[in-house]
Amino acid sequence: MFLSGRNEGELAECAEEVRALGQRAETQTAELADVDAVRRLGEAAIETMGGIDVLINNAGIALLEPVLDVTVEKWDAQLDVNLKAPFFLAQTVARAMVESGRGGKIINIASTAGLIGVPEHAAYCASKGGLLTLTKTLAFELGPHNIQVNAICPAIVMTPMGRQVWDHPGVREEALEKMPVGRFGKEVDVSAAVVYLASSASDWMSGSQLVVDGGLTAVR
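Residue numbers (numbering that gives the first Met the number 0): 0 to 219.
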């Protein structure tokens with residue numbers, strides 16, 4: 000595995016967990032708002048690992064503001080990380096996949112916010128909705144090269160970013176009322192979907208989205 004993120008300490012910890020399972024893990028920090036850095040990251044991963052079989056675009060940021068208060072800076076910050084970075088990383092990796100002739104898989108972590116409107120999430124919703132239609136376009140163009148491209152749409156998952164937004168008195172209870180299963184998501188709920196899309200079991204699935212949301216969108 001080739002892991003990337005902003006926090007060097009967290010990357011090292013994650014890499015050690017992978018190595019403890021007897022697998023190789025390499026890391027590199029990157030600023031995904033910088034397209035040149037994104038391309039360098041993809042190239043480094045390809046060179047270090049001798050090619051990439053599965054790309055998982057998992058980075059994302061959410062900067063909440065009412066529509067009337069959204070600034071250009073916060074709009075651009077979210078679109079840069081949530082939409083621009085996944086595209087240019089996918090482009091870099093897909094070129095190598097095509098050249099290798101082996102094909103591969105690209106998995107984009109989107110959000111239910113790309114399917115429904117969420118108050119104070121204008122830029123975030125736009126970025127995730129864009130990622131879903133981008134997934135379809137990538138699947139269409141890369142399919143002839145045996146590259147499957149799919150997306151996962153989680154609802155509220157209690158990651159550090161999820162807790163920052165939703166884990167507050169009143170806010171938590173209101174959100175849970177909209178969840179038919181009665182709980183927020185866990186990391187394993189999403190990672191199980193990733194494992195499926197990364198495996199050969201999903202070879203005939205491309206341009207699709209797995210909605211992992213505790214039933215949230217079933218009543219929307």
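Heads up, the beta-carbon is just placed ideally off N, CA and C, and yes, glycines get one too.
Counting only residues of its own chain and dropping the five nearest sequence neighbours on each side, Ala43 has a CB closer than 7 Å to the CB of Gln27. Positions of the alpha helix (DSSP H) runs, each at least 4 residues long and wholly inside the stretch 125 to 185, are given as 159 to 165, 170 to 175 in order along the chain. Taking a C-beta distance under 8 Å as the contact criterion, Leu133 and Phe183 do not qualify as a contact pair.
Secondary structure at Gly103: strand, using DSSP grouped into helix, strand and coil.
Taking Leu137 as the centre and dropping the five residues before and after it, the same chain places the C-beta of Ala89, Ile105, Val148 closer than 7 Å to its C-beta, in chain order. When only Cα atoms are considered, Val218 and Gly116 end up about 13 Å apart. Scanning the stretch 1 to 89 from its first residue to its last, the whole beta strand (DSSP E) runs of 3-plus residues come out as 1 to 4, 25 to 28, 53 to 56.
Per the coordinates, the alpha-carbon of Leu63 lies some 38 Å from the alpha-carbon of Leu20. Counting the other Cβ atoms within 10 Å of the Cβ of Val194 gives fewer than 16, which makes it exposed.
Ser198 is classed as exposed because its beta carbon has fewer than 16 other beta carbons within 10 Å across all chains shown. Per DSSP, Val211 is one residue of the beta strand (DSSP E) stretching across 208 to 211.
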